[in-house]
Each structure stands twice: as structure tokens, then as C-alpha cells.
Amino acid sequence: MVERLVRSPKRLRSLNPTIESQSAAEQWDLIIRPKTSWFDLHLGDLWRYRDLTAMFVWRDFVAQYKQTILGPLWHIIQPLFTTLIFTVVFGKMAKLSTDGLPPVLFYLGGVTCWSYFADCVNRTSLTFINNAGIFGKVYFPRLSIPVSLVISGMIKFGIQFALFLAFAVFYWAQSARVHPNAAIALTPLLLLLMAGLSLGAGIIVSALSTRYRDLQQLVKFGVQLMMFATPVVYPLSMIGGGSFRWLILANPMTPIVETFRYAYLGSGTFDAAYLCYSAGFTAAVLLLGIVLFNHVERTFIDTV
Amino acid sequence: MSTVIQVDDVWKKYRLGVIGTGTLRHDFERWWHRVRGKPDPHAKVGEKGKIESEKGKVEGSENRASDGELADDEVWALCGVSFEVKQGEILGIIGRNGAGKSTLLKILSRVTSPTKGEVRVKGRIASLLEVGTGFHPELTGRENIFLNGAILGMTKPEIRSKLDEIVAFAGIETYIDTPVKRYSSGMYVRLAFAVAAHLEPEILIVDEVLAVGDAEFQKKCLGKMESISHQHGRTVLFVSHNMAAIQALCRHIIYLDDGRVRGIGSVDAQINLFLEDIRSKSREFETRAVSLGTSLELQHFAVSPTCVRSGEPIDFEIELYSSTSASVTDLVLLIYSAYGTRVSAMDLRNHGQPYQIRAESRVVRGRIQSLPLVEGDYQIGLYIKSEEYHDNLMDLATVRVQSRASQQRSAQYAAIHRGFLNLEYVIEK
Numbered sequence: 010m011v012e013r014l015v016r017s018p019k020r021l022r023s024l025n026p027t028i029e030s031q032s033a034a035e036q037w038d039l040i041i042r043p044k045t046s047w048f049d050l051h052l053g054d055l056w057r058y059r060d061l062t063a064m065f066v067w068r069d070f071v072a073q074y075k076q077t078i079l080g081p082l083w084h085i086i087q088p089l090f091t092t093l094i095f096t097v098v099f100g101k102m103a104k105l106s107t108d109g110l111p112p113v114l115f116y117l118g119g120v121t122c123w124s125y126f127a128d129c130v131n132r133t134s135l136t137f138i139n140n141a142g143i144f145g146k147v148y149f150p151r152l153s154i155p156v157s158l159v160i161s162g163m164i165k166f167g168i169q170f171a172l173f174l175a176f177a178v179f180y181w182a183q184s185a186r187v188h189p190n191a192a193i194a195l196t197p198l199l200l201l202l203m204a205g206l207s208l209g210a211g212i213i214v215s216a217l218s219t220r221y222r223d224l225q226q227l228v229k230f231g232v233q234l235m236m237f238a239t240p241v242v243y244p245l246s247m248i249g250g251g252s253f254r255w256l257i258l259a260n261p262m263t264p265i266v267e268t269f270r271y272a273y274l275g276s277g278t279f280d281a282a283y284l285c286y287s288a289g290f291t292a293a294v295l296l297l298g299i300v301l302f303n304h305v306e307r308t309f310i311d312t313v
Numbered sequence: 072m073s074t075v076i077q078v079d080d081v082w083k084k085y086r087l088g089v090i091g092t093g094t095l096r097h098d099f100e101r102w103w104h105r106v107r108g109k110p111d112p113h114a115k116v117g118e119k120g121k122i123e124s125e126k127g128k129v130e131g132s133e134n135r136a137s138d139g140e141l142a143d144d145e146v147w148a149l150c151g152v153s154f155e156v157k158q159g160e161i162l163g164i165i166g167r168n169g170a171g172k173s174t175l176l177k178i179l180s181r182v183t184s185p186t187k188g189e190v191r192v193k194g195r196i197a198s199l200l201e202v203g204t205g206f207h208p209e210l211t212g213r214e215n216i217f218l219n220g221a222i223l224g225m226t227k228p229e230i231r232s233k234l235d236e237i238v239a240f241a242g243i244e245t246y247i248d249t250p251v252k253r254y255s256s257g258m259y260v261r262l263a264f265a266v267a268a269h270l271e272p273e274i275l276i277v278d279e280v281l282a283v284g285d286a287e288f289q290k291k292c293l294g295k296m297e298s299i300s301h302q303h304g305r306t307v308l309f310v311s312h313n314m315a316a317i318q319a320l321c322r323h324i325i326y327l328d329d330g331r332v333r334g335i336g337s338v339d340a341q342i343n344l345f346l347e348d349i350r351s352k353s354r355e356f357e358t359r360a361v362s363l364g365t366s367l368e369l370q371h372f373a374v375s376p377t378c379v380r381s382g383e384p385i386d387f388e389i390e391l392y393s394s395t396s397a398s399v400t401d402l403v404l405l406i407y408s409a410y411g412t413r414v415s416a417m418d419l420r421n422h423g424q425p426y427q428i429r430a431e432s433r434v435v436r437g438r439i440q441s442l443p444l445v446e447g448d449y450q451i452g453l454y455i456k457s458e459e460y461h462d463n464l465m466d467l468a469t470v471r472v473q474s475r476a477s478q479q480r481s482a483q484y485a486a487i488h489r490g491f492l493n494l495e496y497v498i499e500k
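So the protein sequences, as listed, match chains A and B. Counting from 10, one number per residue, gives the positions in the first sequence under the numbering used here. Counting from 72, one number per residue, gives the positions in the second sequence under the numbering used here.
In C-alpha cells:
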């Protein structure tokens, strides 16, 4: 019974040798011990809690539109206005090249991709801070929160993507300047890369920002700046031998956005090797992110 | 009955004070010095005493700090806790504020991990969440049942099969499709408990939830806990300051003190030990500061005299200090019976005005004009709420009330039969 206080397994065995065989036969469902390895990732848990991840996705989507009038329409209004402003500022005023594409289509394509990435990074980077309350009360795989954010972002991406498609079809019917091609088949891969990259970057920030809150400010600002190092408002072909060329080329989002435009609009560059670089980068960031995230999650609650 | 939880020599270290304010550069320098085997350049030299007094709330830390392997600003919240729980048992966990009860539960529910030691568990553990944790205010009751169930580890079909039962238990049939932000706090708690209780975990962890909710619902919760343990052979770990509830529900108790297992065994023996300890210890409390959040501190709390006759007045003195500007919106003096039942609460605000404290000490003095309590020991506590902190401090002082010698009517009944109050009354001739 409970009165039998067990100080250590050693003493337990010395008290009663039969217990040893008994305990060896016992099957424990869960063993809680101090974190030992950096690579003890519990990814199986994430799968076991997939219903929870689905619930989070659903919660994000439903709760976001309660008590709004326009609901999911906001997803359409937002990129439309951004595109409009880009068209005026970068197209009409700065007269940046759009590779011969209709400016609206050119910017909308870039904005659709970029806003998915930026949204995911911004939201996943707040994982620990926003959920400190619930993380302090109950266990579930912490990763299910950022994963659910990235998935619920896909719903928004889907709506904006449909908007983009509508515009593309419209322009394609009007003129011959738009050339969709077989690279469209890469779309799921592109989406997956963006999801992985933003998830990785976001959880790295969220893990580090449990200690360094400054990162939170930095990431919003940094993501904004990074857009200008990505061919969103200009085509890659415009960057000749500029001194920042390496920065733009090293940016793993560059091949993704370029490939996306190439697939649907027929302009821009497509280079399989370059896209592989992006995939490799994504895998590295994601792995680093998961390792860091798992390391922090075990003791995060002690430091809030 | 088989063992379902085996806690084996569990230790948990906490760092005190403000964590993570160091800059990246400091961290880097620290790391660099450690690599070269030199002392930490940013260790707080000569500040140990200050830290000791700041943390107050983690009482007895001096003893704990003697266990080695600790930096200046670290304490053991748990040191070498070991015990076993059998299937179907309702195990009560008692101890004062800061004894390590919550830390233990946090480790068991995997919210945080132990520093040393191991816990082995058979079956699914679910903890009863604090009011509305994991509830989304915009979602309806039904939607929140699914969400909360999923957070607690249930699958969708499981929740669906239990939905009607949960709704009926919580008694919210009419409001099931209303957003929970329109629920009363009572409905919130009922729903939260209902979800957890119907989760059918092999092990249910219940931490002080019964403090909220009306009496009827509390009774229902106790009944539910009893039935899930006795009828379904599930295990319940129950933490409470309410000794009456513990006594009603548990047959075994673990008494934690200073992060150690002070006692383990039958209810009555452990509760008596606990009450004995409180009596002998509360004197120490009067001089110890308790930190309330980052800037606010309860510097001094005293009542005098600590031994009165029933019906006599008693004075109290509270000294609050804040290093920055703080607004104490609630300050309530609480009286608890020895068994943890609240006897009285006195709002100490002046006409409901919060206390504004600006980097100064603020003393609140007063007198309870008459304490017409039945003889026995009573705990005096405080409920304090500021912008960043709120908590019940339950055992700041102990008052021993003795019976009034005069005007005794015939034979008096024993104190345990007489409730809490001695009321004035007359009998018409």
C-alpha cells in the first residue's frame, strides 16, 4: 500500500527480492524522466494527438470570424489592397519591371506566396508566449500548435490562391502574355516548402524568444524586410550584378516565388537545382527548429 | 491491486527571481567562461541574502539549499520524493503553500520535467484544468467540449459518445450552443470539470478546483470522484487545502513539506501531523516577507494577540511594499478553520478603492472587533490581487481561540459539534 515508501529501487529490491521480477514484468505506459537527449523528439506523440491538431485548425478558422461581418472575405480584401498599392507604388511610380506581365497578376502571385509565409512565421513565433497559460496546465505535444497554425494558414492560402487563379484565367483569356505550363504540378511541393520553411523559422524564434523576448519584435520587422530580399515586388531577372544579389539568391524563398510565377504565368526563372537548394535549406531549418523547440518545451514553463 | 504510479526519487530545481533578463551577450560570456572553467562573471556577488528574503514564498529554502548542486539563486522545490499509488485509490496530497504540491502535479501531468529521478505511469493521466483553461471564449459550449476533450487527449469519437453525459452533468443543456464567453463562472467550472471527469482517464489529477463552484456542485464533484475511483477502478490524485474534503474522499494522504515527503499514510494521522506543524510553525511566518509577483511584496503580516477568548477583539497589521508603482485592487482578510473551510472574509479596501503603492511601504492596520468563534485553531490568510498577481495566502498566521469561561449554560457540547460561531441569543421565558 501507499505506506510503503520507496526511497530507491535499490532499497526496494533489498527489502523484497520478489518485487524485482514483478517490476521487470510490469509494462509502464509512460516514463517521465529528465530530458537527456537533444534528439528525443516525441514525434510519435504528435501523430497520436492528430485529432487535437485538427481541432486547433478548426478553432482558428471558426473563432477568427465570429462577430465579423465579412468573415473569410477579409482574406480576399487583404491581398487585393496590397496588390493595388504595390501596383501604384512599385509599378506606376517606381516603374519596376514586371517581366512583361500585367502588374496586377505579377504582384498578386508574389503577395499570395509571401503572405502565407510571413503569416506562418509571425504566428508560429508566438507559440510559447501566447499559450503559456495552457502549456502550464496540461500536457499535449506542443508542436501541435505551430503545426495547426501552418495548416490553418493553408486555408487562407487556398482562398487567396483561388483569387489569383481567377485573375490569371481572366488575363489569360484576354491576352497571350500569360503562359501557364507543366510546372504547375510542382504547386503542392512549393506549398509544402513554404509550410516547412515558415514552421521551422517560426518555432526557432518561438523557442529562442522564451529567453530573449526581443526576438519577438525583431521577427515581425525582419519578416517585413525579408520581403524585399525576395522577388515579390520585382522579378529576379531585374537583379543584374547588384551588390545584394547574393542575399537575394541565398534567400530560400526566392526559388519558391520564382517557380510559382513561372508555373502559372510563364515568366521568371525555373531551375530544379536551385529549388533543391531551397528544399535542403527548409529541411535543415525544420530539423533545427524541432530540436530547439523540443528542448525548450520540457522546461519552458519554469521560466515564464 | 497493481501499482499505477511509481514516483521514484524525484527532484526538481527552480531558479528564483527574474529569469531570462540577461542579454544574449551575458549568456555568451557565461558560456565562454564556463567553457574555460572560470567563474561566472555575472553571478550576483553578495546578493545571496537579498535573494533569500525576496523569495520568501518558497519557504524553508535554506534547508533545501543545503543539498548541494545549487547555484545561489536556485532552490529545490522537490527533493527526493518517492511514493507509489495503487489502482483505484484516491490519494490526497496536502501541504502548505509552496510545499511542492503543484510542482509534483506538474511533473506528473508532464507540464514540466523533473531535474532528477523518474516517474513511471500506467495508463492515461488527465489533469482537471483550471477554470476555462483551453476554452475559447468565442466558441460555443458544444464546440469547447470537443476542443477541451481533444486537449485532454480524447479522440473525437470518444468525445461524441460522451457528449450528452457531459452536458447533463454540467447542467448546461439550454446553453450548449451559446458562446462560453456568455457563461457565468459557475457554468465554466462545471463544464470544465464535466469534460475532465468523463474523459475516463486511468488517472485523474484534481488540483484545488473545488474552491470554486457552488456547494451543490462541489458535492457532485466529490461524488463523481468517488464513483470513478470505486466503480470504475480509476485512480485520483487530489490536492486541496480543504481538509474536510480530503477527509471525506481519501483514505491515504501524502503530506509534503519543504519539498520532501513529511508523512505518508492514513488520513487522520497525516492531517493531525499537518495541523500540529502549522501550529508550531506559524510563528515563523510573521517575520518572513512573501513576494507577490515581481514587484509587490508582503513584508509583514501579524495578528495580535494570537491567542484570544471567543468574542474578544483581535488586531491585524499588514505591510505591503512595492519596488515600482502597483495597484492592489483586492485585499481581503480571510479566516479559515483548521480544516481549511473558509469561515469569514473581510474586505480591507476603503470603500472599494484599490491601494495605490508607489515604491513605498504601505501599512494597513485594523481590528476585528469581535471574534465570536467556537474554540479551536484558525488560520488567518489574505487574498491579494494586483495587476499581475492574485492568490490566496492561506496560512499566514494561526489564532487559537479559547472558550469563554463566563456565562456558561449548563453542559457545553464538544467544539466539533458546534460549527464555527458562538452567537448571542436569548430564550423567552
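Virtual Cβ for every residue (Gly too), placed ideally from N, Cα, C. All figures in this text were calculated on a predicted structure; none of them were measured in a lab.
Residue i: buried (16+ other C-beta within 10 angstroms of its C-beta) or exposed?
| i | result |
| --- | --- |
| residue 100(A) | buried |
| residue 499(B) | exposed |
| residue 230(B) | buried |
| residue 175(B) | buried |
| residue 192(A) | buried |
| residue 487(B) | exposed |
| residue 237(B) | buried |
| residue 114(A) | buried |
| residue 214(B) | buried |
| residue 97(A) | exposed |
| residue 432(B) | exposed |
| residue 218(B) | buried |
When you compare only the Cα positions, how much space is there between residue i and residue j?
| i | j | result |
| --- | --- | --- |
| residue 216(B) | residue 402(B) | 35 Å |
| residue 288(B) | residue 130(A) | 44 Å |
| residue 155(B) | residue 77(B) | 5 Å |
| residue 295(B) | residue 289(A) | 54 Å |
| residue 439(B) | residue 268(B) | 41 Å |
| residue 428(B) | residue 437(B) | 18 Å |
| residue 245(A) | residue 255(A) | 12 Å |
| residue 419(B) | residue 326(B) | 33 Å |
| residue 489(B) | residue 445(B) | 7 Å |
| residue 232(B) | residue 470(B) | 51 Å |
| residue 92(B) | residue 50(A) | Note that residue 92(B) has pLDDT 49, beneath the 50 cutoff, so the model's placement of it is unreliable and the number below is only indicative. When rounded, the distance between both Cα atoms is 28 Å. |
| residue 294(A) | residue 209(A) | 5 Å |
| residue 136(A) | residue 301(A) | 13 Å |
| residue 105(B) | residue 99(B) | 10 Å |
So, with DSSP's three-state summary, where would you put residue i?
| i | result |
| --- | --- |
| residue 279(A) | coil |
| residue 253(A) | coil |
| residue 338(B) | helix |
| residue 44(A) | coil |
| residue 500(B) | coil |
| residue 37(A) | coil |
| residue 173(A) | helix |
| residue 190(A) | coil |
| residue 182(B) | coil |
| residue 243(A) | coil |
| residue 231(A) | helix |
| residue 170(B) | coil |
Say the cut is 7 Å; is the CB of residue i nearer than that to a heavy atom of the ligand NAD?
| i | result |
| --- | --- |
| residue 165(A) | The ligand NAD is not part of the structure shown, which contains no ligands of any sort. |
Checklist entry - Taking contact to mean at least 3 C-beta pairs separated by less than 8 Å, is the stretch 145-160 of chain B in contact with the stretch 303-322 of chain B? => result Verdict: yes, contact present.
Item to check | Sufficient close CB pairs (3 or more, under 8 Å) joining the stretch 259-279 of chain B to the stretch 182-194 of chain B | outcome: The stretch 259-279 of chain B, when compared against the stretch 182-194 of chain B, does touch it at the 8 Å Cβ threshold.
Next on the checklist: Using a Cβ distance threshold of 8 Å, determine whether the stretch 252-265 of chain B contacts the stretch 173-188 of chain B, with at least three qualifying pairs required.
Outcome noted: Too few Cβ pairs lie closer than 8 Å, so no.
Item to check | contact_flag[the stretch 160-175 of chain A, the stretch 78-97 of chain A] where n(CB pairs < 8 Å) is 3 or more | outcome: Result yes; three or more Cβ-Cβ pairs closer than 8 Å.
Checklist entry - What residues in the stretch 208-242 of chain A bring their beta carbon closer than 8 Å to a beta carbon of chain B? => result Within the stretch 208-242 of chain A, the residues whose Cβ lies closer than 8 Å to any Cβ of chain B are, in chain order, 219, 220, 221, 222.
Checklist entry - Which residues, in order along the stretch 115-145 of chain A, keep a beta-carbon less than 8 Å from a beta-carbon of chain B? => result Against chain B - using a Cβ distance shorter than 8 Å - the residues of the stretch 115-145 of chain A are 142, 143, 144, 145.
Checklist entry - Are three or more beta carbon pairs between the stretch 462-475 of chain B and the stretch 369-388 of chain B nearer than 8 Å? => result With the rule of 3 Cβ pairs closer than 8 Å, the stretch 462-475 of chain B counts as touching the stretch 369-388 of chain B.
Checklist entry - Quick one, which residues of the stretch 229-243 of chain B are near chain A if we go by CB-CB under 8 Å, in chain order? => result Taking 8 Å as the Cβ-Cβ cut-off against chain A, none of the residues of the stretch 229-243 of chain B qualify.
Checklist entry - Are the stretch 174-185 of chain A and the stretch 217-228 of chain A touching, with three or more C-beta to C-beta distances below 8 Å? => result Touching, no, given that fewer than three Cβ pairs across the two stretches are closer than 8 Å.
Item to check | Any 3 or more C-beta pairs closer than 8 Å across the stretch 101-121 of chain A and the stretch 155-164 of chain A | outcome: The stretch 101-121 of chain A is not in contact with the stretch 155-164 of chain A.
Checklist entry - Name the residues in the stretch 181-211 of chain B whose C-beta lies less than 7 Å from a C-beta of chain A; which are they? => result The residues in question are 181, 182, 183, 184, 185, 186, 187, 189, 190, 191, 192, 193, 194, 198, 200, 201, 204, 205, 207, 209, 210.
Next on the checklist: What are the residues in the stretch 211-224 of chain B lying within 8 Å of chain A by C-beta distance?
Outcome noted: Within the stretch 211-224 of chain B, the residues whose Cβ lies closer than 8 Å to any Cβ of chain A are, in chain order, 214, 217, 218, 221, 222, 223, 224.
Item to check | Segment contact flag, the stretch 299-318 of chain B with the stretch 409-416 of chain B, C-beta cutoff 8 Å, min 3 pairs | outcome: These segments touch.
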